[in-house]
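Chemist: Numbering (the numbering used here), first residue to last: 1 to 126. Think of the CB as a built atom: it goes at the ideal place given N, C-alpha and C, for glycine as much as any other residue. As the structure is a computational prediction, the values presented were derived from the model and not from experiment.
(1) Please determine if the stretch 63-71 and the stretch 40-48 are in contact, where contact requires at least 3 C-beta pairs separated by less than 8 Å.
(2) Tell me which same chain residues have a C-beta within less than 6 Å of the C-beta of residue 115, skipping the five on either side of it?
(3) Pull up the distance between the alpha-carbon of residue 84 and that of residue 93, whole angstroms please.
(4) Let me make sure I understand the geometry here. Which of 88, 69 and 96 has the alpha-carbon closest to that of residue 77?
(5) Between which two residues does the beta strand (DSSP E) holding residue 79 run?
(6) By Cβ distance below 6 Å, which residues in the same chain neighbour residue 110 in space, the five residues on each side in sequence not counted?
(7) How big is the Cα-Cα spacing for residue 71 and residue 41?
(8) If distances are taken between C-alpha atoms only, which option among 87, 73 and 44 comes closest to residue 98?
(9) Go through its chain and collect everything with a Cβ distance to residue 43's Cβ below 8 Å, but skip five positions before and after it.
(10) Can you tell me whether DSSP reads residue 94 as helix, strand or coil?
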């Protein structure tokens, strides 16, 4: 019973719209509750595209959104933190981890966990 209750309680703590890890919160059901998404996206004409940000390198990880902030890393170790405003994103921070980032970051309990090819980082305020 405890094994079933803990994931349920953890999933309730994620704010609506957050994607704190790949696969939606802790449920891992891969189904987003978001509505109003575009029915068509056409990259050449920008139909359905609200904004875009160059990531600086090949990217294998998925973006993570928590409290309106978007986090994503790239294969050269670059890491971007963006204010994910629907009108236009603002780059809040751009840094380099020192090694490729190919895994998706995870946000939990006011901490951000980022894995490079050789180091696991935990970011947050003390």
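Modeler: This is what the structure gives:
(1) no
(2) 103
(3) 13 Å
(4) 96
(5) 78-83
(6) 124
(7) 22 Å
(8) 73
(9) 49
(10) strand
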